[in-house]
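Trainee:
Residue numbers (the working numbering): 1 to 139.
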């Protein structure tokens, strides 16, 4: 069973997704950006776990193998589709603000990953140089 604090955090997260869907569907791309991006962290975590426990292939670490060896291909396709769907700066700001909110509002879910990797995700989401290449300034 899930730890109660984690269960409460997951329930709150799912509720925020439902509200975003009703309020401003474009915000859902911010949620997807954070969730899809967390798979990149899983790839790094998978390597550390495999090395620490002498694991090979996906045995014992399948959970961290989202999309398998196609992860970067999938991430690139997701990022490109997101950029194609949101071309105006106002829409891009909505997505970025949603990603920031997801990160800030879910420390019980996302915090341990950031801590493990020593990454200040909040700082990255607020540093234009960290995300400026995620959107096209013009076509």
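Glycine included, C-beta positions come from ideal geometry on N, C-alpha and C. Remember, it's a predicted structure, so these values are computed and weren't measured experimentally.
Going by the beta-carbon positions, is the gap between residue 53 and residue 102 smaller than 8 Å?
Mentor: Going by C-beta atoms, residue 53 is not nearer than 8 Å to residue 102.
Trainee: Starting from the Cα of residue 10, find the closest Cα among 35, 87 and 69 and give me that residue.
Mentor: Checking every option, the nearest Cα to that of residue 10 belongs to 35.
Trainee: How many Å lie between residue 140 and residue 19 at the Cα?
Mentor: In this structure the chain extends from 1 to 139, so residue 140 is not present and cannot be described.
Trainee: Could you check what DSSP says for residue 69 in three-state terms: helix, strand or coil?
Mentor: In the structure shown, residue 69 sits in a helix (DSSP, three-state: H, G or I).
Trainee: What span of residues does the alpha helix (DSSP H) with residue 119 cover, start to end?
Mentor: From DSSP, residue 119 is part of no alpha helix (DSSP H); its letter is neither H nor E.
Trainee: Apart from the five residues just before and just after residue 65, which ones in its own chain have a Cβ nearer than 7 Å to its Cβ?
Mentor: Answer for residue 65: 46 and 58, listed in chain order.
Trainee: Considering only their Cβ atoms, is the gap separating residue 24 from residue 94 smaller than 8 Å?
Mentor: Contact: yes.
Trainee: Check this for me: beta carbons of residue 72 and residue 29, under 8 Å apart or not?
Mentor: Not closer than 8 Å, so no.
Trainee: Any idea what DSSP makes of residue 129, helix, strand or coil?
Mentor: Three-state result, residue 129: helix.
Trainee: Please classify residue 97: does DSSP put it in a helix, a strand, or coil?
Mentor: Helix, per DSSP.
Trainee: Considering only residues of the same chain and omitting the five flanking positions on each side of residue 78, which have a CB-CB separation below 6 Å?
Mentor: Only 36 meet the Cβ criterion.
Trainee: How would you call residue 33, buried or exposed, if buried means at least 16 neighbouring beta carbons within 10 angstroms?
Mentor: Residue 33 should be labelled buried.
Trainee: Within 10 angstroms of the Cβ of residue 27, are there 16 or more other Cβ atoms? Answer buried if so, exposed if not.
Mentor: That one is buried.
Trainee: Taking its Cβ as the centre, do 16 or more other Cβ atoms sit within 10 Å of residue 6, making it buried, or is it exposed?
Mentor: By the neighbour-count rule (16 or more Cβ atoms within 10 Å), residue 6 is not buried but exposed.
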